[in-house]
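For the sequence shown, the UniProt record's numbering begins at 272 and goes up steadily by one.
C-beta atoms are modelled at their ideal positions from N, C-alpha and C, and glycine is treated no differently.
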Amino acid sequence: EVGVLAVVGRPNVGKSTLVNRILGRRAAVVEDTPGVTRDRVSYDAEWTGTDFKLVDTGGWEADVEGIDSAIASQAQIAVELADAVIFVVDGQVGLTATDERIVKMLRSSGKPVIVAVNKIDDRISEYAAAEFWKLGLGEPHAISAMHGRGVGDLLDDALDAL
Ligand code: GDP
Ligand code: MG
């Protein structure tokens, strides 16, 4: 039985782009605008000889109804079924209140969480990842899902947690 790695985070942070980068093909749908998709899609993946399941999730927006509505969402189910979670945040936007709410839920899930600070497209932007230390989830991994920067190191750590 292979491990399950779920990719969660706010809409538009680059979850599907990261999934495609890991899969090495364009399987997950990438959108320019925050979507209303709440789907949960599972892919067979492989990394340096390790087979695993990679689960892309739709947006996890804590809306006016608050986190309660998210509890019923596909992202919630994905976390429950996962062995480890990649929590994607947007390094260009910085830490948001919604990120913090998601972290509370992730922490209560008890699952290992690896923080991916996405959209760090060049070395000069790497400082932006440091802010996410305050989430208390360990080292924030600066990545660019679009260009592939840092994704290998991120996956090495994520698969170690499986
Ligand atoms: P999702 O809603 O979290 O699945 O986000 P998507 O993967 O659909 O990406 C949302 C937008 O962010 C798209 O316009 C992507 O091209 C863009 N994006 C994703 N990853 C990166 C990245 O590493 N750098 C930059 N600059 N943009 C990115
Ligand atoms: Mg997506």
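Per DSSP, reduced to three states, the secondary structure at Glu402 is helical.
Distances between the C-beta of Pro411 and the heavy atoms of the ligand GDP are all 7 Å or more. Cα atoms of Val290 and Asp322: separation of roughly 15 Å, rounded to the nearest angstrom. Looking at the backbone, the Cα of Tyr398 and that of Ile391 are separated by about 9 Å.
If the five residues before and after Ala416 are omitted, its C-beta is found closer than 6 Å to the C-beta atoms of Gly285, Thr288, Leu289, Arg292 and Asn389, all from its own chain and listed in chain order. Taking 7 Å as the cut-off, the C-beta of Met417 counts as close to a heavy atom of the ligand GDP. DSSP, read as helix, strand or coil, puts Asp393 in coil. Counting C-beta atoms within 10 angstroms of its own C-beta, Thr319 has fewer than 16 neighbours from the protein chains shown and is therefore classed as exposed.
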